[in-house]
Amino acid sequence: LFSSMGCLLRFGFSAMFGFGGRTLALAERHRWMPPSQRHEFALIKTLANLKPEDCELSFITSRGAEDQIKYHGSWQTRQGLYLNISIMAIPCLCSMAPN
């Protein structure tokens, strides 16, 4: 659950792996720095050590509405080297996702 400007949002989900996740984790470990400096520091240091990770991704494909996924979607798997994987979902209508 996330809140925004005092309003409680019903549900949110965020996951990050690879470049983005490493950058955020490094910036968080240096909270004693001013925000702009720690973000730049984390970005530069992560870029300097950039290397892809060997991962296997599994996901369900869909060509239609969400309820069709249960019946018509099929699991797909991709193996490979990835620099970053990010996922964000807000599955309900709210002020941040009104449509």
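Okay, so the sequence shown: first residue is 18 according to the numbering used here, each after it adds one. From the three backbone atoms N, C-alpha and C, an ideal C-beta is built for every residue, glycine too.
TODO: Indicate whether PRO69 and LEU98 have their beta-carbon atoms separated by less than 8 Å.
DONE: Within the sequence shown, the letter at position 52 stands for residue 69. Within the sequence shown, the letter at position 81 stands for residue 98. Against a cut-off of 8 Å, the Cβ pair of LEU98 and PRO69 comes out as a contact.
Task: Cβ distance (whole Å) where SER100 is taken to contact LEU67 below 8 Å - done: As a working note, residue 100 is residue 83 in the sequence shown. As a working note, residue 67 is residue 50 in the sequence shown. The identity of residue 100 in the sequence shown is Leu, whereas the question assumes Ser. Between the beta-carbon of LEU100 and that of LEU67 there is about 7 Å, and that keeps the pair under the 8 Å contact cut.
- [ ] Measure the beta-carbon distance from GLN93 to PHE76 and round it to whole angstroms, keeping in mind my assumption that it falls under 8 Å.
- [x] Here residue 93 refers to the residue found at position 76 of the sequence shown. Here residue 76 refers to the residue found at position 59 of the sequence shown. With a Cβ gap of about 6 Å, GLN93 and PHE76 count as contacting.
Open item on the list: Tell me the DSSP secondary structure of SER91 in three-state form.
Closed with: Counting from one through the sequence shown, the residue named residue 91 turns up at place 74. DSSP places SER91 in coil when its eight states are reduced to three.
Open item on the list: Measuring only the C-alpha atoms, how far is ALA106 from THR78?
Closed with: Along the sequence shown, one-based indexing puts residue 106 at 89. Along the sequence shown, one-based indexing puts residue 78 at 61. Using only the alpha carbons, I get a separation of about 16 Å.
Open item on the list: Whole angstroms are fine: how far does the CA of PHE36 sit from the CA of ALA65?
Closed with: Counting from 1 along the sequence shown, the entry for residue 65 is found at position 48. Counting from 1 along the sequence shown, the entry for residue 36 is found at position 19. About 11 Å.
Open item on the list: Within 10 Å of its beta-carbon, does ALA32 have 16 or more other beta-carbons around it, so buried, or fewer, so exposed?
Closed with: What you label residue 32 is simply residue 15 of the sequence shown in a count that begins at 1. Under the 10 Å beta carbon count, ALA32 is surrounded by fewer than 16 other beta carbons and is classified as exposed.
Open item on the list: Looking at ARG48: is its Cβ nearer than 8 Å to the Cβ of THR63?
Closed with: As a position in the sequence shown, residue 48 is number 31, starting the count at 1. As a position in the sequence shown, residue 63 is number 46, starting the count at 1. No, they are not a contact pair.
Open item on the list: On the DSSP bridge list, what partners appear for SER50?
Closed with: Translated into positions along the sequence shown, residue 50 becomes position 33. One point to set straight first is that residue 50 is Met, not Ser, in the sequence displayed. None; MET50 has no bridge partner.
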